[in-house]
Every structure is written in C-alpha cells, then in structure tokens.
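Using our numbering, read the sequence shown as starting at 254 and increasing by one per residue.
C-beta: ideal position from N, C-alpha, C; glycine also.
One structure is given here, and the rest of the page talks about it.
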Amino acid sequence: MLGLGRGSREGAISIEVSIKNCGGTKQWSAALRLLHEGLRLGVQLVPSHYIATASACREGGQWQHALSVLSEMWKAKLEPNSATMLGSAHARRASSGSERWRC
Numbered sequence: 254m255l256g257l258g259r260g261s262r263e264g265a266i267s268i269e270v271s272i273k274n275c276g277g278t279k280q281w282s283a284a285l286r287l288l289h290e291g292l293r294l295g296v297q298l299v300p301s302h303y304i305a306t307a308s309a310c311r312e313g314g315q316w317q318h319a320l321s322v323l324s325e326m327w328k329a330k331l332e333p334n335s336a337t338m339l340g341s342a343h344a345r346r347a348s349s350g351s352e353r354w355r356c
C-alpha cells in the first residue's frame, strides 16, 4: 500500500480512518488487526489510533479487548489530550484521494 512507510503521516491517517470505520460497523477484530499491522509496519501511531480501536472493541461488546488496547497505549507512554478525545480532524477529512485500509 502507498504511504505506509515508517513514520508516514498518510499511513497513520489511513489506518485511523479505517479503524474508525471498523468501529462503526462493529468489526472489532478487524480494528485490532489494523492497529497491530500499523505497529508491525512501524507506522507512528498516536493515542487516537488506540482509542478508536478500543471504541471498536467496546461497540462489539469486547470490553476485555478494549481495556487491553488502552493498557497497550499507556505502556507505550502515549497520553491522550483533549484533541484526541474529540477525534482527529485529519482522520475525518482523509476520505478524499488517499488509499485507505479496509476492515
């Protein structure tokens, strides 16, 4: 996929959009796979990636997975701020023109 190199901003936004789409369709296991694939590829993930994944797990009734994802975020020493909690504006606008990951 294009734009998914180490530290790629486009890759990070694409993953976040896809994870949020998974949450909207209650595909919690796909959201977990996307998060872990981003980690494996070395994409610089931020708190909103973890929060969106935890939300997808919550929406799917998978509370243990949701708590595990949040624990991973804290272990990585990533702290959400108010902008993270409101959602990434970049992720909401990223649907135009870029290749996106799929649930």
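Query raised in the report: For residue 306, does the three-state DSSP call read helix, strand or coil?
Result: Within the sequence shown, the letter at position 53 stands for residue 306. In this structure, residue 306 counts as helix in the three-state DSSP scheme.
**Report entry** CB-CB length for residue 298 against residue 265, believed under 8 angstroms
**Finding:** Against the sequence shown, residue 298 aligns to sequence position 45. Against the sequence shown, residue 265 aligns to sequence position 12. Residue 298 to residue 265, Cβ: 7 angstroms. Contact.
Requested in this report: Return the residue from the list 262, 273 and 295 that minimises the CA-CA distance to residue 302.
Outcome: Taking the first residue of the sequence shown as 1, we reach residue 302 at position 49. The shortest Cα separation from residue 302 among 262, 273 and 295 belongs to 273.
Query raised in the report: CB-CB under 8 angstroms to residue 288, same chain, minus the five flanking residues each way: which ones, in chain order?
Result: What you label residue 288 is simply residue 35 of the sequence shown in a count that begins at 1. Excluding positions up to five away in sequence, the list reads 268, 272, 298, 302, 303, 306 and 322.
Report task. With residue 331 as the anchor, note down where its alpha helix (DSSP H) starts and where it stops. Result -> Counting from 1 along the sequence shown, the entry for residue 331 is found at position 78. Note, residue 331: premise wrong, no alpha helix (DSSP H); not H, not E.
Query - Alpha carbon of residue 270 to alpha carbon of residue 277, nearest angstrom - result: Position 17 of the sequence shown, counted from the start, is the residue given in the question as residue 270. Position 24 of the sequence shown, counted from the start, is the residue given in the question as residue 277. Roughly 11 angstroms between the two C-alpha positions.
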